[in-house]
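*Asks:* One structure is given below, represented as structure tokens, and several questions about it will come after.
Residue numbers (our numbering): 26 to 120.
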């Protein structure tokens with residue numbers, strides 16, 4: 026039992042050292058500070074589970090919709106695959 030308590034105390038100390046010493050030190054480094062500033066300027070929350078949760082994704086979605094509309098031939102459309110194949114190509118080979 027004493028050994029288990031000692032192990033728990035050691036792992037707790039390691040976790041506290043990482044959280045209270047190492048992570049703040051890494052965050053203060055110039056490279057990380059530039060990255061944090063980059064994300065903050067774009068209002069990107071790095072803790073978001075998915076990019077769709079980031080506020081700026083609405084602008085990206087709108088821009089992508091415009092690009093797809095203006096340049097539809099350059100974007101792959103899985104529903105239009107049969108229309109874009111040459112007439113001599115067997116469409117069944119895609120499935």
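The beta carbon of each residue, even a glycine, is placed where N, CA and C say it ideally should be.
1. What are the boundary residues of the alpha helix (DSSP H) that residue 85 is part of?
2. For residue 62 and residue 71, what's the separation of their Cα atoms in angstroms?
3. Helix, strand or coil for residue 79, going by three-state DSSP, please let me know.
4. By DSSP, does residue 69 sit in helix, in strand, or in coil?
5. Mapping the DSSP letters down to three states, classify residue 54 as helix, strand or coil.
6. Taking Cβ to Cβ, would you say residue 80 is nearer than 8 Å to residue 68?
7. For residue 39, I'd like the list of residues in its chain whose CB is within less than 6 Å of its CB, leaving aside the five on either flank, ordered along the chain.
8. Tell me which residue opens and which closes the alpha helix (DSSP H) that residue 36 is part of.
*Replies:* The answer reads as follows:
1. 82-95
2. 12 Å
3. coil
4. coil
5. coil
6. yes
7. none
8. 27-42
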